[in-house]
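See below for the structure under consideration.
In UniProt numbering, the protein residues as written are 1 to 131.
If you want it as structure tokens, here you go:
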């Protein structure tokens, strides 16, 4: 069954193969989400962003941070549409963008996991080469 209808300002987590994609729901079945350059931030229908993937409303940090008012979240997200961005997995990805809009704090659990994975891979390579 599809999730409940999101409210403006909700964060949408989309389960893609190998990662989660994040978007901000801005109402009227529209989302704003960050994609790789050259597209940057896009306003797109939720159904088009989700495709055939499973998704859920996931205001992941509501227990840690106070969310901004919905009207402000939507306004800020829409201001970003079509702007140039420096997309990086570690410091500014779709999850950073979404959490920045809702909480005023750019965070990403995926980026932290990615950094630890890279660090572990480098340590493994170093140890194989020198020990």
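C-beta: ideal position from N, C-alpha, C; glycine also. A quick note: this is a predicted structure, and the numbers were derived from the prediction, not measured.
Closest in C-alpha terms to residue 80, from the list 62, 14, 39, 5, comes 39. Its chain contains 29, 30, 31 as the residues whose beta carbon lies nearer than 8 Å to that of residue 45, once the 5 sequence neighbours on both sides are disregarded; these appear in chain order. The DSSP-derived three-state label of residue 47 is helix. One Cα belongs to residue 64, the other to residue 82, and the distance between them is close to 30 Å. The alpha carbon of residue 70 has as its nearest neighbour, out of 105, 24, 5, the alpha carbon of 24. In the DSSP assignment, residue 23 falls outside any alpha helix (DSSP H) and lies within the beta strand (DSSP E) extending over 19 to 27.
Under DSSP, residue 11 takes part in a beta bridge, and its partners are 24.
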